[in-house]
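Enquirer: I am attaching a structure below and will ask some questions about it afterwards.
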Amino acid sequence: AATAPRIPPTRLALHHFDGSYSLQLKGLWPSVRAGLLCEQKYGALLNNFSPVSHVTQELELLNATDFVSEAPQKAQQSQREAMTQAEKSPPLRPSISSNIKCYTFPRGDITRFRPARPDALGLLDYYLMDAASLLPVLALNVQPDDFVLDLCAAPGGKTLALLQTGVCGYLAANDISISRTKRLYQILHSYIPKEIRETVSVTSCDGRDWGQLQGSTFHKVLVDVPCTTDRHSVMEDENNIFHRRRTKERQMLPMLQLQLLMAGILATKPGGEVVYSTCSLSPLQNEYVVERAAEIAESQFNIGIHVEDLSHFRMLFQDTFSFFLDCRLGELVLPHLTANFGPMYFCKLRRM
Numbered sequence: 034a035a036t037a038p039r040i041p042p043t044r045l046a047l048h049h050f051d052g053s054y055s056l057q058l059k060g061l062w063p064s065v066r067a068g069l070l071c072e073q074k075y076g077a078l079l080n081n082f083s084p085v086s087h088v089t090q091e092l093e094l095l096n097a098t099d100f101v102s103e104a105p106q107k108a109q110q111s112q113r114e115a116m117t118q119a120e121k122s123p124p125l126r127p128s129i130s131s132n133i134k135c136y137t138f139p140r141g142d143i144t145r146f147r148p149a150r151p152d153a154l155g156l157l158d159y160y161l162m163d164a165a166s167l168l169p170v171l172a173l174n175v176q177p178d179d180f181v182l183d184l185c186a187a188p189g190g191k192t193l194a195l196l197q198t199g200v201c202g203y204l205a206a207n208d209i210s211i212s213r214t215k216r217l218y219q220i221l222h223s224y225i226p227k228e229i230r231e232t233v234s235v236t237s238c239d240g241r242d243w244g245q246l247q248g249s250t251f252h253k254v255l256v257d258v259p260c261t262t263d264r265h266s267v268m269e270d271e272n273n274i275f276h277r278r279r280t281k282e283r284q285m286l287p288m289l290q291l292q293l294l295m296a297g298i299l300a301t302k303p304g305g306e307v308v309y310s311t312c313s314l315s316p317l318q319n320e321y322v323v324e325r326a327a328e329i330a331e332s333q334f335n336i337g338i339h340v341e342d343l344s345h346f347r348m349l350f351q352d353t354f355s356f357f358l359d360c361r362l363g364e365l366v367l368p369h370l371t372a373n374f375g376p377m378y379f380c381k382l383r384r385m
């Protein structure tokens, strides 16, 4: 008998998304779909451990701006303009204070950044990443001397961003995959001076066990979980979770995500905060995981969870990113042809 034609995993992913995301996003799905299938936009995360003044000049000449520092200024300006509607609009939450600097090109500008270059000491001047990936780190809002855990750290962009804050009292970076942890080491080596690199504790444990290993230890925990990586899934056949032999693994993702988030909650000190994030549009991997984790924390561990309101992020960063306005919990950046970052879901939880 003739064998059925082998459908590439990218096609399977797109077929799956067409079914589920058209129901979730409705009229927004065609533009999000077009964004997913087009070249991704990047941001340049400046390396504060390298002399950056000439790099900032170079980027500003190209018409790139630091979206992190620019956002509060724009928000204050738009709030002044909206003073007439003061009764209707909620007051702006405090702006984000951060040493993180990330340059992006304006909406609709598809200029590419040059590759990173080493300085005199061999440290690279910036790291190219999806700028939306910085939002979970900004939401974590690391304060001086915080003990911070990055539970699923590889390949290392968010760990690098956490170090750029310059205020972590202690940083533990963990990833179950030894090969991906090697990539994390490479990034630390390329960007971070030796004396600071040596203060980072890099481990390759199963993140699900972390609550038992170091429970109630950290002020801030980032849980950036494995997910369907929607953009990769529709663009790359290699290492694609929609490959037929990975069907079971894909179906088990929400359970894995829940276990990792629970481990992150248990690793946090009372009063500490957890940011959960994915690069998927799927509510089953996003809001549902957060809701279930809050229920389990309460019922099985007697831990109260408060989901923090991050709607001020939409206000602050609306010029850079396209946000989904109907998220029940947390915030979701949607790919869009004029601002082709994301998808990126992030939600902040406080352990009571």
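The sequence shown begins at 34 in the numbering used here and counts up by one.
From the three backbone atoms N, C-alpha and C, an ideal C-beta is built for every residue, glycine too.
What residues are listed by DSSP as bridge partners for D183?
Expert: Translated into positions along the sequence shown, residue 183 becomes position 150. Answer by DSSP bridge pairing, in chain order: A206, L255.
Enquirer: What runs of the alpha helix (DSSP H), each 4 residues or longer, lie entirely inside the region 86-111?
Expert: As far as the region 86-111 is concerned, its whole alpha helix (DSSP H) runs of at least 4 residues are 86-94.
Enquirer: Could you have a look at F354 and say whether DSSP puts it in helix, strand or coil?
Expert: Reading the sequence shown from its first residue, position 321 is the one you call residue 354. In this structure, F354 counts as coil in the three-state DSSP scheme.
Enquirer: Below 8 angstroms, how does it come out for the region 285-304 and the region 341-352: are there three or more Cβ pairs, yes or no?
Expert: Short answer: they don't touch.
Enquirer: Based on Cα-Cα distance, which residue from Q176, K191, A187 lies nearest to P169?
Expert: Within the sequence shown, residue 169 is the residue found at index 136, counting from 1. Out of Q176, K191, A187, K191 has the C-alpha closest to the C-alpha of P169.
Enquirer: If contact is defined by three or more beta carbon pairs under 8 angstroms, each pair taking one atom from either stretch, is the region 372-384 in contact with the region 345-360?
Expert: At 8 angstroms Cβ cutoff, the stretches touch.
Enquirer: Where do the ends of the beta strand (DSSP E) carrying K381 lie?
Expert: As a working mapping, residue 381 is identified with position 348 in the sequence shown. Element bounds for K381: 377-384.
Enquirer: Take T250 as the anchor and find which of H48, K59, A205 has the nearest alpha-carbon.
Expert: Here the question's residue 250 lines up with position 217 in the sequence shown. Measuring from the Cα of T250, the nearest candidate turns out to be A205.
Enquirer: With 16 as the cutoff for other CB atoms within 10 Å, does A303 come out buried or exposed?
Expert: On the sequence shown, position 270 is the one that residue 303 refers to. For clarity, residue 303 is Pro in the given sequence; the question names Ala instead. Exposed.
Enquirer: Roughly how many angstroms lie between the CA atoms of P259 and P84, to the nearest whole one?
Expert: The residue given as residue 259 occupies position 226 in the sequence shown. The residue given as residue 84 occupies position 51 in the sequence shown. The alpha-carbon atoms of P259 and P84 are separated by roughly 34 angstroms.
Enquirer: Going by CA-CA distance only, name the one from R213, I211, L161, L196 that's closest to R230.
Expert: For the purposes of this step, residue 230 is identified with residue 197 of the sequence shown, where counting begins at 1. Ranking the options by Cα distance to R230, first place goes to L196.
Enquirer: At the level of alpha carbons, what is the spacing between Y218 and I336?
Expert: By one-based count along the sequence shown, residue 218 stands at place 185. By one-based count along the sequence shown, residue 336 stands at place 303. Looking at the two C-alpha atoms, the distance is approximately 35 angstroms.
Enquirer: Only counting the same chain, and skipping five residues up and downstream in sequence, which positions put a Cβ closer than 6 angstroms to that of R140?
Expert: In the sequence shown, counting from the first residue as 1, residue 140 sits at position 107. Around R140: T371, A372.
Enquirer: Kindly indicate the opening and closing residues of the alpha helix (DSSP H) around S332.
Expert: As a first step, residue 332 must be located in the sequence shown, where it is residue number 299. From DSSP, the alpha helix (DSSP H) with S332 extends over 320-334.
Enquirer: Between the alpha carbons of A77 and T98, how many angstroms are there, rounded?
Expert: To locate residue 77, count along the sequence shown from 1; it is residue 44. To locate residue 98, count along the sequence shown from 1; it is residue 65. The alpha-carbon atoms of A77 and T98 are separated by roughly 10 angstroms.
Enquirer: Evaluate the contact criterion for the region 220-240 versus the region 265-274: three or more CB pairs, one atom per stretch, below 8 angstroms.
Expert: Too few Cβ pairs lie closer than 8 angstroms, so no.
Enquirer: Candidates L314, V308, E282, G240: which alpha carbon is nearest A296's?
Expert: Here residue 296 refers to the residue found at position 263 of the sequence shown. For A296, the nearest C-alpha among the options comes from G240.
Enquirer: Please name the residue in I329, T311, M385 whose C-alpha comes closest to that of L365.
Expert: As a working mapping, residue 365 is identified with position 332 in the sequence shown. Nearest C-alpha to L365: T311.
Enquirer: Please check the pair G199 and D179, which I expect to be a contact at CB under 8 angstroms, by giving their CB distance rounded to whole angstroms.
Expert: Position 166 of the sequence shown, counting from 1, holds the residue named residue 199. Position 146 of the sequence shown, counting from 1, holds the residue named residue 179. So it is not a contact: roughly 12 angstroms between Cβ atoms.
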